[in-house]
Ligand code: BG6
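Residue numbers (the working numbering): 942 to 1437.
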């Protein structure tokens, strides 16, 4: 099944050079994304793909492994023979060190196509970004058409993110830098813009006069898997809130951009980030909760604690965080944004709940207080939008009502294949569209807010609350009276 290409811009011939070319992300996401766009005929005939590896991985093993990942990556009918055609475009190049001598083979390979644009995709730890960019420049492999893609984490503090940036801009200008946040490539996340800015109905009530609170949840049932070393140095705040949750918050809270162009959108997101209220010692105690999973069970299956998973006796790293965030601007004054995310929670789901205020005057006082409407935007695993509204119960008994949900399930409404987030993002890089990528000033504004939490956690010595693996996590601890997290599982969902 092909994606409609009616309005798509042509992609110019390119060399894609993937550093970390035999890594997990490259195999799971980057190559399959390029492959599926190749199947969709969205890539030009003229392109080359170079997998940069540090050690010499056997050619046969590499391609067999990659074939498995590609075959598992999407369930739709396509000609499997295209995998071999795609592989013919690929080549493995070993680069042990970032020296001109070690870049010789890559340089020769790139210079065979002098008119192609070169995209350098850095799927490596961020301390390698500087040396790679520097060596590319020294080798004469960077020109006005070149682009560089950076995978998170982009440092672990404001200072380190600035330091990385200083190194990269010696080789690439800001308009050549693409900082990936894969949440922005998800179809349902992009739909937030359409929902807000193509529907008159919502935009006029999209402010604190009508919206009581917003809840954003990204819950995962998985633990830290094999990433314990990385995760223990980062924790939920840096791994998820600093990027994905803040980006979702920006899309919900931003003003309509004048145009759908990169800097127009990014300017509006930046204003939101700059309006986030910073935390101090007292505020983090009141408005944040951090947690760590202990042993638990799901459907009778026993789950390890975080410490068992990372094989350590002690760790203060949070695997869960919930935050009551305040946006101090005209539109959102007095509308808290609740954010929560955690590993080993009861289920994997991401959703945004917009809680509208109740009606101004209750003409059905005998029925008690009227709950406000809710707009529920379910991002994953199902893609769905729901509007919860009060409806009269049929039959006698006066005006009895209950909340009923109007649902729009994406799968029922569209027959197109739902592309993976990376497909959209990589194609945007090839086309030179930076709208869905973070600019450095956005990143720095996000760090300033995050660091106010990190610093205040340190000063207040706020401890992790233990929560059982497979539970809902301790998010309720930051809720105001009369507020609760809307729902945590499919069962709660059915209960409405
Ligand atoms: C990544 C985090 O950025 O996002 C992971 O580093 C997390 O810890 C992942 O599991 C979640 O992404 P998704 O698309 O599965 O919600």
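Every residue, glycine too, gets a C-beta built ideally from N, C-alpha and C.
Those residues which DSSP pairs with residue i across a bridge
i, result
"residue 957", "990, 1060"
"residue 1350", "1325"
"residue 1283", "1160, 1261"
"residue 1332", "1343"
"residue 1319", "1292, 1325"
"residue 1266", "1278"
"residue 1152", "1297"
"residue 1412", "1286"
"residue 1088", "1060"
"residue 1244", "1237"
7 Å CB neighbourhood of residue i in its chain, flanking five on each side removed
i, result
"residue 1295", "1152, 1155, 1315, 1316"
"residue 1070", "1063, 1091, 1105, 1108, 1109"
"residue 1117", "1087, 1088, 1089"
"residue 1340", "1305, 1308, 1333"
"residue 1027", "976, 979"
"residue 1067", "1094, 1095, 1096, 1105"
"residue 1372", "950, 952"
"residue 1149", "1272, 1273, 1274, 1275, 1276"
Endpoints, alpha helix (DSSP H) assigned at residue i
i, result
"residue 1296", "Element bounds for residue 1296: not the alpha helix (DSSP H) but the beta strand (DSSP E), 1290-1297."
"residue 1249", "1247-1251"
"residue 972", "972-980"
"residue 1093", "Element bounds for residue 1093: n/a, residue is neither H nor E."
"residue 1365", "1362-1372"
"residue 1009", "1000-1014"
"residue 1141", "1141-1144"
"residue 1041", "Here residue 1041 belongs to no alpha helix (DSSP H), and DSSP marks it neither H nor E."
"residue 1070", "1070-1079"
Cutoff 8 Å; reference residue i; Cβ partners in own chain excluding five residues on either side
i, result
"residue 1297", "1146, 1151, 1152, 1153, 1313, 1314, 1315, 1316"
"residue 1044", "1036, 1076, 1077, 1080, 1082"
"residue 1435", "Reliability of the predicted coordinates at residue 1435 is poor, the pLDDT of 48 falling under 50, and no value is obtained from them."
"residue 1112", "1074, 1075, 1077, 1078, 1083, 1089"
"residue 1202", "1376"
"residue 1143", "1136, 1137, 1316"
"residue 1024", "976, 1008, 1011, 1012"
"residue 1040", "1076"
"residue 1236", "1243, 1244, 1245, 1246, 1249, 1409, 1410"
"residue 995", "1035, 1036, 1037"
Neighbourhood of residue i by C-beta distance below 6 Å, restricted to the same chain and skipping five residues each side
i, result
"residue 1264", "1229, 1280"
"residue 1065", "960, 961"
"residue 1450", "Past the boundaries of the shown model lies residue 1450; the chain is included only from 942 to 1437, so the question cannot be answered."
"residue 1365", "1126"
"residue 1205", "1198, 1199"
"residue 1019", "980"
"residue 1208", "none"
"residue 970", "1363"
"residue 1034", "991, 993, 1046, 1047"
"residue 1285", "1164, 1234, 1410"
"residue 957", "990, 1060"
"residue 1327", "1317, 1346, 1348"
"residue 1359", "1128"
"residue 1380", "1207"
Residue i - containing beta strand (DSSP E), residue span
i, result
"residue 1034", "1031-1035"
"residue 1395", "Premise fails: residue 1395 lies in the alpha helix (DSSP H), 1381-1401, not in any beta strand (DSSP E)."
"residue 1407", "1406-1409"
Contact between the stretch 1161-1177 and the stretch 1338-1352 (3+ Cβ pairs under 8 Å): When Cβ pairs closer than 8 Å are counted between the two stretches, the stretch 1161-1177 is seen not to touch the stretch 1338-1352, the count staying below three.
Beta strand (DSSP E) runs wholly inside the stretch 1177-1242, at least 3 long, in chain order: Within the stretch 1177-1242, the beta strand (DSSP E) runs of at least 3 residues that lie entirely inside it are, in chain order, 1229-1235, 1237-1239.
Stretch pair the stretch 1113-1132 + the stretch 1247-1259: three plus CB contacts closer than 8 Å: With a cut-off of 8 Å, the stretch 1247-1259 and the stretch 1113-1132 do not count as touching, because too few Cβ pairs lie within range.
Three-pair Cβ contact test at 8 Å for the stretch 1215-1234 versus the stretch 1395-1408: The stretch 1215-1234, when compared against the stretch 1395-1408, does touch it at the 8 Å Cβ threshold.
Inter-stretch contact at 8 Å, needing at least 3 Cβ pairs: the stretch 986-994 / the stretch 1044-1058: Yes, they touch.
Ordered list of beta strand (DSSP E) runs contained in the stretch 1098-1128, each at least 3 residues: Restricted to the stretch 1098-1128, the beta strand (DSSP E) segments that are unbroken, complete and at least 3 residues in length are 1118-1120, listed in chain order.
Meets three-Cβ-pair contact criterion under 8 Å: the stretch 1232-1252 and the stretch 1387-1394: No, the stretch 1232-1252 is not in contact with the stretch 1387-1394.
The stretch 1267-1285 contacting the stretch 1183-1200, beta-carbon criterion three pairs below 8 Å: The stretch 1267-1285, when compared against the stretch 1183-1200, does touch it at the 8 Å Cβ threshold.
Stretch-stretch touch, CB-based, cutoff 8 Å, three pairs: the stretch 1285-1293 with the stretch 1319-1330: Taking a contact to require three or more Cβ pairs closer than 8 Å, the stretch 1285-1293 and the stretch 1319-1330 qualify as touching.
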